[in-house]
Amino acid sequence: MIRIVIAEDQGMLLGAMKALINMEDDMEVVAIAHNGEEALVKVREFNPDVVITDIEMPIKTGLDVAEELKDEAYKVIILTTFARPGYFERAKKAGVRGYLLKDSPIEELVNSIRIIVDGRRIYAPELIDIVYEADSNPLTDRESEVLSLVAEGKTTKEIAKELFLSPGTVRNYISTVLDKLDVSNRIEAIARFKEKGWNK
1124 MIRIVIAEDQ
1134 GMLLGAMKAL
1144 INMEDDMEVV
1154 AIAHNGEEAL
1164 VKVREFNPDV
1174 VITDIEMPIK
1184 TGLDVAEELK
1194 DEAYKVIILT
1204 TFARPGYFER
1214 AKKAGVRGYL
1224 LKDSPIEELV
1234 NSIRIIVDGR
1244 RIYAPELIDI
1254 VYEADSNPLT
1264 DRESEVLSLV
1274 AEGKTTKEIA
1284 KELFLSPGTV
1294 RNYISTVLDK
1304 LDVSNRIEAI
1314 ARFKEKGWNK
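In the numbering used here, the protein residues as written are 1124 to 1323.
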């Protein structure tokens, strides 16, 4: 019997997935979670074979969950509506065994679970195309870090203090970021960064 924990913050979808998976003779959903933090607690408590998780959830995301479980025996499957290359790259680095889109039929999901338990990996074909065609992140690590802090609502002075830089240097970084992302202000920069899935 394949033991499964599902983490999904949309209650109706969570209930439907649990019911459909439990109809399979060789699978059992042993626990459900509504956010990433709860998912980690359930995983430790129930010790499943497979963890199916959404990406965008409260407290901790599905990618946070995958990263925390990276060096453990659990097989993590990301099930999401977001076919973003940045998310996919981060998921691969976290060692996820499957990355599937939510609009896939349930038959595809349960077959993927069996294949993944068998030791292989499954990535949605749409993702491979998107990653192949995707722009890579043009920002350096430091520029990305500055933009992430801007996205958190920090002021130039606060960012300078946190990164041990002068306010002028931070302003230069922000100006470079706007140029590289071809946007006119910080709000647009943050939106483009998130849309591309480059935010970590």
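The C-beta atom is built at its ideal place from N, Cα and C for all residues, glycine as well.
For V1306, the three-state secondary structure derived from DSSP is coil. For Y1296, the three-state secondary structure derived from DSSP is helix. Closest option to G1242, judged by alpha-carbon separation, among S1267, P1228 and G1221: G1221.
Taking 9 Å as the cut-off, the Cβ atoms of V1153 and A1189 do not count as close.
Under the three-state reduction of DSSP output, E1151 falls in the strand class. Counting only unbroken stretches of 4 or more residues, the alpha helix (DSSP H) elements lying wholly within the stretch 1207-1249 are 1208-1216 and 1229-1240, in sequence order. If you draw a straight line from the Cα of G1185 to the Cα of A1130, it comes to about 8 Å. In the displayed model, A1130 falls within a strand according to three-state DSSP.
Between the alpha carbons of P1171 and V1128 lies a gap of roughly 6 Å.
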